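Here the structure comes first, spelled out in structure tokens, and everything after it is commentary.
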Amino acid sequence: MTVITKEYLKQELDQFNEQQLKQVADFIAFIKFQTRFSQETVDISQFANLYQEFAQEDRELAEAGISEYADLLNSEGKVIRIS
Numbered sequence: 688m689t690v691i692t693k694e695y696l697k698q699e700l701d702q703f704n705e706q707q708l709k710q711v712a713d714f715i716a717f718i719k720f721q722t723r724f725s726q727e728t729v730d731i732s733q734f735a736n737l738y739q740e741f742a743q744e745d746r747e748l749a750e751a752g753i754s755e756y757a758d759l760l761n762s763e764g765k766v767i768r769i770s
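For the sequence shown, our numbering gives the first residue as 688, with consecutive numbering after it.
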């Protein structure tokens with residue numbers, strides 16, 4: 688296996704024409720872009736915590752909504768019973 692050093696790469700780049708340098712620049716940009724997204728890891732426990740937090744909030748909103756709905760029906764003269 689050949690060891691590639693920065694110095695070796697610099698020497699190779701010095702021999703490239705403008706079109707080849709443009710291709711290298713594009714490839715470097717691609718590698719940087721790819722690296723940025725591949726380093727993001729998903730933490731499942733974080734999703735579980737968010738799910739629990741939002742589930743509780745949903746329950747509270749649903750209970751508040753049912754109470755408001757019952758109040759509106761009662762104010763219109765309709766009776767409902769909530770267990």
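C-beta: ideal position from N, C-alpha, C; glycine also. Small disclaimer: the values here were computed from a predicted structure and weren't measured.
The alpha helix (DSSP H) enclosing residue i, as first and last residue numbers
i: Phe714; result: 705–725
i: Glu694; result: 693–701
i: Glu744; result: 731–762
Nearest-angstrom Cα separation, counted from residue j out to residue i
i: Ser754; j: Arg746; result: 12 Å
i: Ala751; j: Leu759; result: 12 Å
i: Ala716; j: Ala757; result: 60 Å
i: Leu708; j: Asp701; result: 9 Å
i: Thr692; j: Glu699; result: 11 Å
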